[in-house]
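Heads up: the sequence lines are chains Y and S, in that order.
Residue numbers for the first sequence follow my numbering, beginning at 1 and rising by one.
Residue numbers for the second sequence follow my numbering, beginning at 438 and rising by one.
Every residue, glycine too, gets a C-beta built ideally from N, C-alpha and C.
Computed from a predicted model, the values in this text were never measured in an experiment.
To start, the structure under review is shown below, and the notes come after it.
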Amino acid sequence: MTARVAPQLSAPLSVIAPYFLLAPAGLLVAGVLLLGARSADFGAINHPTTLGITHAIVLGWITTTMFGATYQLGAAVLGGRTLPAWLLRAQLALHLAGVGVFVLSFREWDLAWLRAGSFVLVATIGVHLVAVVSPLRSAQGWPPIRLYLLAGAMGLAATATLGFLWVDALHAARYTVTELRISAHAHLGLVGWLGVTLMGVSYQLVPMFNVINRRKPAVPRLALGAVIAGVAAFVTANLLALPGWAIAGSGSVILAGIGAWAVDQWLLLGARSRRKMDIQGRASYVSLGFLAVAGGLAAIALGRAFLGEPLLPRLLLAYGATGTLGWMGVALIGNSYKILPFLIWYHRYRELAGREPVPLVGELYSERAAHAVVGVHSTAVVLLLAGLLTESDLLTRGAAVLLILSAVVHVASLAYMFVPRRARRSVRPATGKEVSA
Amino acid sequence: MNTADVARVLSTVYDPELGLDVVSLGLVYGIDVDDESVTVQMSLTSVGCPMETVIMNAVQAALQRAFPRHAVNVDVVDDPPWRVEMADRKALERLGLLPASP
Numbered sequence: 001m002t003a004r005v006a007p008q009l010s011a012p013l014s015v016i017a018p019y020f021l022l023a024p025a026g027l028l029v030a031g032v033l034l035l036g037a038r039s040a041d042f043g044a045i046n047h048p049t050t051l052g053i054t055h056a057i058v059l060g061w062i063t064t065t066m067f068g069a070t071y072q073l074g075a076a077v078l079g080g081r082t083l084p085a086w087l088l089r090a091q092l093a094l095h096l097a098g099v100g101v102f103v104l105s106f107r108e109w110d111l112a113w114l115r116a117g118s119f120v121l122v123a124t125i126g127v128h129l130v131a132v133v134s135p136l137r138s139a140q141g142w143p144p145i146r147l148y149l150l151a152g153a154m155g156l157a158a159t160a161t162l163g164f165l166w167v168d169a170l171h172a173a174r175y176t177v178t179e180l181r182i183s184a185h186a187h188l189g190l191v192g193w194l195g196v197t198l199m200g201v202s203y204q205l206v207p208m209f210n211v212i213n214r215r216k217p218a219v220p221r222l223a224l225g226a227v228i229a230g231v232a233a234f235v236t237a238n239l240l241a242l243p244g245w246a247i248a249g250s251g252s253v254i255l256a257g258i259g260a261w262a263v264d265q266w267l268l269l270g271a272r273s274r275r276k277m278d279i280q281g282r283a284s285y286v287s288l289g290f291l292a293v294a295g296g297l298a299a300i301a302l303g304r305a306f307l308g309e310p311l312l313p314r315l316l317l318a319y320g321a322t323g324t325l326g327w328m329g330v331a332l333i334g335n336s337y338k339i340l341p342f343l344i345w346y347h348r349y350r351e352l353a354g355r356e357p358v359p360l361v362g363e364l365y366s367e368r369a370a371h372a373v374v375g376v377h378s379t380a381v382v383l384l385l386a387g388l389l390t391e392s393d394l395l396t397r398g399a400a401v402l403l404i405l406s407a408v409v410h411v412a413s414l415a416y417m418f419v420p421r422r423a424r425r426s427v428r429p430a431t432g433k434e435v436s437a
Numbered sequence: 438m439n440t441a442d443v444a445r446v447l448s449t450v451y452d453p454e455l456g457l458d459v460v461s462l463g464l465v466y467g468i469d470v471d472d473e474s475v476t477v478q479m480s481l482t483s484v485g486c487p488m489e490t491v492i493m494n495a496v497q498a499a500l501q502r503a504f505p506r507h508a509v510n511v512d513v514v515d516d517p518p519w520r521v522e523m524a525d526r527k528a529l530e531r532l533g534l535l536p537a538s539p
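Structure, rendered in structure tokens:
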């Protein structure tokens, strides 16, 4: 079920590394905006500050990281070609600029600049969609990662389309962008694009990095089918403002699909040969824990929708924050300490392996720093969750400080991987003198 | 030169991700030696192992360096698939499957 990997086909390190190194700027900006926010800002899901923070996290940090991870994994796992390096570099620069404009114009509620930012982001997302066409077309068979990346790309295209339409509607005052319409766009992005892509990438990375070959993924297609069907129905129900039972029913299908995936991942992790877990394994478990909390909050929100009770913005924001920063964020941090060291090692040492002592992949980063990042970030998510639910400015600001800290330490920790180092292990390659040839 | 010599050379080739050599991991399924060539049959810890080409090239380079007058063949086999039980005690300890030796 896990596809073979040909890392020589992925985009070069000099193209991919900046995605990982610059993406946490989105988290940093979100932390700064959160620090300056007041409790009243979280009284609606469409408050300018809230929209600025959520888009800094989702478009700035998570999407940028997903772009980089896809350019590394896409061609390596599925085959095909990556786009020219100059185009990917231009995409990254434009995307970051677009996110900056977009987030600040949300914050300042400047609809002209918001529209300008949306044009830039539609262009960079368009480049990404073109970039994944070749790997998706070249793949042999239908391993889970191909299905999930295909679904994720379609989800991204739909999310961008709705987002662009909503921004245009705000700018030209064509029609009201209701909370239900925002919910449709948000769930397309969070589940249809980011969630589905992360789920697919996990089916590739978790077995690979934890040496799992005693168990195969049980329900990758079933989980994906449920999520796609659920998202399609949920978005339709929100766009058409259908009764609460339709929203609750379709949302429950999404929850069932993600829940099946989570159980599958839990069982896979339990069957790992590499019992001594590293940062990626631990982050996977923490991430699943946050997903369970987010799922619980989502179930409460769906129950309220079913009963026809009004939306509770803080509950929705708490569930969104736990899903994005907790589930996706922690998984991304953990995977960063696998993807980037591997790329650096592959770039620097693959030709030397077997010929002279080379460091191990795990020696390229500080396991302690990586754990610190996950620990501080996870504490921030817990504080934010508590702050949102209890309307506590103190807790929310505490979370903001920790998010800023984790973003800074994370970037420093990633940058540290680029420092050249020698092998610590006292192993020397064999020579003819050691054996009686 | 005999199979033990080849195994000694292979034990200097490490899986850079797991930090264990290919012999301790039980990845080497067979070694054939004759006057002109060395043939190694080996597997990988998983089908999707991202280090496949790296490990294969490292094995090739190490053997070529140690036995420059021999042709070196490295065959990757998936059958039987590698299982953790194929690793030796040291590897099992490093993977956290056995308590560490005193």
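| Check | Outcome |
| --- | --- |
| Which same chain residues end up closer than 8 Å to Val409/Y when comparing Cβ atoms and leaving out the 5 residues on each side of it in sequence? | Ala369, Ala372, Val373 and Val376 |
| Taking DSSP as the reference, what is the three-state secondary structure of Asn46/Y? | coil |
| Report the three-state DSSP secondary structure of Leu352/Y (helix, strand or coil). | coil |
| Could you give the distance in angstroms between the alpha-carbon of Thr178/Y and the alpha-carbon of Asp168/Y? | 14 Å |
| So, is Phe67/Y buried or exposed, given that buried needs 16 or more other C-beta atoms within 10 angstroms? | buried |
| Do you know whose CA, among Ala116/Y, Gly303/Y and Thr379/Y, lies nearest Pro243/Y's CA? | Gly303/Y |
| Within its chain, find whatever has a CB closer than 8 Å to the CB of Val32/Y; leave out the 5 residues flanking it on each side and keep chain order. | Ala400 and Ile404 |
| Can you give me the Cβ contacts of Asp471/S inside the same chain, cut-off strictly under 7 Å, excluding the 5 residues immediately before and after it? | none |
| Is Val477/S closer than 8 Å to Val443/S when the C-beta atoms are compared? | yes |
| Between the Cα of Asn210/Y and those of Val133/Y, Lys276/Y and Ala116/Y, spot the shortest distance and give me the residue it belongs to. | Lys276/Y |
| How would you list, in chain order, the residues of chain S whose beta-carbon sits under 8 Å from the beta-carbon of Phe20/Y? | Under the 8 Å cutoff, chain S gives no residues; its nearest Cβ is about 16 Å from Phe20/Y. |
| Could you tell me the distance, in whole angstroms, from the CA atom of Arg137/Y to the CA atom of Gly80/Y? | 7 Å |
| Run through DSSP, which three-state label would Leu360/Y get? | coil |
| Determine the direct distance from the alpha carbon of Leu21/Y to that of Val435/Y, and round the result to whole angstroms. | Confidence in Val435/Y is poor, its pLDDT being 42 and thus under 50, which makes the residue's placement unreliable; the coordinate value appears in the next sentence. Approximately 46 Å between the Cα atoms of the pair. |
| When you compare only the Cα positions, how much space is there between Glu473/S and Ala503/S? | 14 Å |
| Determine the burial state of Val130/Y: buried for a count of at least 16 other Cβ atoms within 10 Å of its Cβ, exposed for fewer. | exposed |
| Kindly identify the DSSP beta-bridge partner or partners of Leu457/S. | Asp452/S |
| Would you mind sorting Val446/S into buried or exposed? The rule is 16 or more other CB atoms within 10 Å of its CB. | buried |
| For Met208/Y, would you say it is in contact with chain S, using Cβ-to-Cβ distances shorter than 8 Å as the test? | yes |
| On the three-pair Cβ rule with 8 Å, is the segment 141 to 156 of chain Y touching the segment 219 to 229 of chain Y? | yes |
| Since Gly456/S and Gly362/Y are thought to touch, with beta carbons under 8 Å apart, how far apart are those beta carbons, to the nearest angstrom? | 6 Å |
| Just mark Asp452/S as buried or exposed, buried being the case when its beta carbon has 16 or more other beta carbons within 10 Å. | buried |
| Check this for me: beta carbons of Val122/Y and Leu94/Y, under 8 Å apart or not? | no |
| Helix, strand or coil for Val509/S per DSSP? | strand |
| Can the beta-carbon of Arg107/Y be found closer than 8 Å to that of Thr49/Y? | yes |
| Residues bridged to Thr476/S by DSSP? | Asp469/S and Asn510/S |
| Does DSSP put Leu403/Y in a helix, in a strand, or in coil? | helix |
| Check whether the segment 459 to 468 of chain S touches the segment 515 to 534 of chain S, taking contact to mean three or more Cβ pairs, one atom from each stretch, closer than 8 Å. | yes |
| Using a Cβ-Cβ distance under 8 Å, would Pro518/S count as near chain Y? | yes |
| Should Tyr319/Y go down as buried or exposed, given a rule of 16 or more other Cβ atoms within 10 Å for buried? | buried |
| Pull out every residue of the segment 302 to 333 of chain Y whose Cβ sits closer than 9 Å to any Cβ of chain S, in chain order. | none |
| Please list, in chain order, the chain S residues whose beta carbon lies closer than 7 Å to that of Val15/Y. | The contacting residues do not exist; Val15/Y stays about 18 Å from chain S at best. |
| Can you give the Cα-Cα distance for Ile212/Y and Trp113/Y, rounded to whole angstroms? | 48 Å |
| Compare the beta carbon distance of Ala85/Y and Val133/Y with 8 Å and say whether it is the shorter of the two. | no |
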